[in-house]
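Peer 1: Count along the sequence shown starting at 1, add 5, and that's the number in our numbering.
Right, I'll just put the structure down here and ask away after.
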Amino acid sequence: MVTIKDISKKCGVSAATVSKALNGYGDIGEETKKKIIKTAQEMNYFPNAAARTLKKGHSNNIGIIFQDETDEQGGLTHEYFSIILNNAKIEAESSGYDITFINKNVQGSFLEHARYRNFDGVLAVTAVFQSPELTELVKSGFPLVSIDYNYDSHTCIVSDNVIGLYEMTQYLISMGHRKIAFIHGENTSVTQKRISGYHRALNESNIDVPDYYIKEALYHDPASTERRTDELLKLRDRPTAIIFPDDVAYLGGLTAIRKRQLRIPEDISTAGYDGIKLSQLIQPQLCTYHQDAETIGRIGMRKLIEQIENPKLWIPEMIKVTGSLWTGETVKNLN
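Below, the structure is given as structure tokens:
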């Protein structure tokens, strides 16, 4: 690794002069400064991260927690999360920050790892938000922004899941559906908000659905959704429309429907969630709710950097990001 002493030896100046040139001090000659900077570039010199941290007071390194309980079915390969992460990365790099993932199998706690890595802050994109490890990190006062979960005294960026399911259910009602089933994901704050939006739309139209129209599966898991769909299709009074946990999980529902040789939307209407590209490649094109993952990732990282760089001006916020309904071709008009 090239050091300041190596550059000083090659340029024939003191190490102090090299340090001043690389750090922009004006008390050395312009020609000497240009020579030193050019030599440093030619020698592929990079400033020592620890020294830079001491000088600036922060490391320009941000940790990202991505702890998905169902990552074997989706995780980092899932388009919704990958878009969030990519836009967070772009925002960080444009502000001069690096990002490092905090693995769920990391030795020690999240807090210990964050301190060991000298992170300036942490972005929790998807996680077991109530786990002891994450709770410890949150309570430590470490700069942290969460996605889709609201902690007291911390900024969070949430996709408006209440509005998402409300608009989806309202659209199905407008198309004449009254027997609307909902297969949701595992019990999380996101799920609770979606169930609330679903019931709000039904209540406004004075529609009652039986409890057995509401079933729990897993997010991003076609296998569990296939089983729940088959249970709904076996009902004597089966629904005319089924809302699925997400666009990937919908593939399981599609399999169950086709096994029974039912047609979409002629025999059964369907709707997904997330609005990933896959939903528009399936035939017929899936009715789904598109979450604005780009904005979520970008704002999440921007708010974290604001907290890191201006802690005295920072106040915690809950920022809701709305998406948009893609009507697709899988909902039959019963009117």
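Glycine included, C-beta positions come from ideal geometry on N, C-alpha and C.
For S210, which option in G202, Y217, D216 has the closest C-alpha, if you only look at C-alpha atoms?
Peer 2: Mapped onto the sequence shown, residue 210 falls at position 205. That would be G202, whose Cα lies nearest to the Cα of S210.
Peer 1: Could you have a look at T37 and say whether DSSP puts it in helix, strand or coil?
Peer 2: Start at 1 with the first residue of the sequence shown, and residue 37 comes out as number 32. The answer is helix: DSSP assigns T37 an H, G or I state.
Peer 1: Using 8 Å for Cβ pairs, my map puts P227 next to T260. What's the rounded Cβ distance?
Peer 2: Here residue 227 refers to the residue found at position 222 of the sequence shown. Here residue 260 refers to the residue found at position 255 of the sequence shown. At roughly 7 Å, the Cβ-Cβ gap stays under 8 Å, so P227 and T260 are in contact.
Peer 1: Helix, strand or coil for H189 per DSSP?
Peer 2: One-based indexing of the sequence shown puts residue 189 at position 184. H189 falls in the strand class under three-state DSSP.
Peer 1: Which stretch, first to last residue, makes up the beta strand (DSSP E) that contains T293?
Peer 2: Position 288 of the sequence shown, counted from the start, is the residue given in the question as residue 293. 293-295 is the span of the beta strand (DSSP E), which, as asked, contains T293.
Peer 1: Give me the Cα-Cα distance between S64 and D125, rounded to the nearest whole angstrom.
Peer 2: The count along the sequence shown starts at 1 and reaches residue 64 at position 59. The count along the sequence shown starts at 1 and reaches residue 125 at position 120. Whole-angstrom Cα-Cα distance: 6 Å.
Peer 1: Can we say the stretch 145-161 touches the stretch 184-191, given the rule of at least three CB pairs closer than 8 Å?
Peer 2: Cβ pair count under 8 Å is below three, so no.
Peer 1: Taking contact to mean 3 or more Cβ pairs, one atom from each stretch, closer than 8 Å, check whether the stretch 300-315 and the stretch 85-102 are in contact.
Peer 2: Segments in contact, yes.
Peer 1: May I ask you to report which of helix, strand or coil DSSP gives G146?
Peer 2: Numbered from 1 along the sequence shown, position 141 holds the residue referred to as residue 146. Three-state result, G146: coil.
Peer 1: Can you tell me which of the three DSSP states D157 falls into?
Peer 2: Here residue 157 refers to the residue found at position 152 of the sequence shown. Of the three classes helix, strand and coil, the one that applies to D157 here is coil, per DSSP.
Peer 1: So does the stretch 193-201 actually touch the stretch 161-179, counting three or more Cβ pairs closer than 8 Å?
Peer 2: With the cut-off at 8 Å, the stretch 193-201 and the stretch 161-179 touch.
Peer 1: Here's the rule: buried if 16 or more other CB atoms are within 10 angstroms of the residue's CB, otherwise exposed. What is F106?
Peer 2: For the purposes of this step, residue 106 is identified with residue 101 of the sequence shown, where counting begins at 1. By the neighbour-count rule (16 or more Cβ atoms within 10 Å), F106 is not buried but exposed.
Peer 1: Nearest CA to the CA of R232: which residue from E138, Y255, P244?
Peer 2: The residue you call residue 232 lines up with position 227 of the sequence shown. If we check each option's Cα against that of R232, Y255 comes out closest.
Peer 1: If distances are taken between C-alpha atoms only, which option among V130, I248, C161 comes closest to T174?
Peer 2: What you label residue 174 is simply residue 169 of the sequence shown in a count that begins at 1. When only C-alpha atoms are compared, the closest one is I248.
Peer 1: Would you say D235 and R265 are within 9 Å of each other, going by their C-beta atoms?
Peer 2: On the sequence shown, position 230 is the one that residue 235 refers to. On the sequence shown, position 260 is the one that residue 265 refers to. Cβ atoms of D235 and R265: closer than 9 Å.
Peer 1: Under a three-way DSSP split, which group does M323 fall into?
Peer 2: Within the sequence shown, the letter at position 318 stands for residue 323. Reduced to three states, the DSSP call for M323 is strand.
Peer 1: Can L160 and P316 be called in contact, C-beta distance under 9 Å?
Peer 2: Working through the sequence shown from its first residue, we reach residue 160 at position 155. Working through the sequence shown from its first residue, we reach residue 316 at position 311. Sequence inspection shows Thr at residue 160; the Leu mentioned does not correspond to that position. Cβ distance not < 9 Å, so T160 and P316 don't count as in contact.
Peer 1: What is the DSSP secondary structure of S210, reduced to helix, strand or coil?
Peer 2: The residue you call residue 210 lines up with position 205 of the sequence shown. It is coil, neither helix nor strand.
Peer 1: Comparing C-alpha positions only, which one of H83, D251, L128 sits nearest to Y312?
Peer 2: The sequence position of residue 312 within the sequence shown is 307, counting from 1. Tyr is not the amino acid found at residue 312; the sequence shown has Gln there. Ranking the options by Cα distance to Q312, first place goes to L128.
Peer 1: Take I219 and list the residues in its own chain whose beta-carbon comes closer than 6 Å to its own, dropping the five residues that flank it on each side.
Peer 2: In the sequence shown, counting from the first residue as 1, residue 219 sits at position 214. These residues qualify, in order along the chain: F187.
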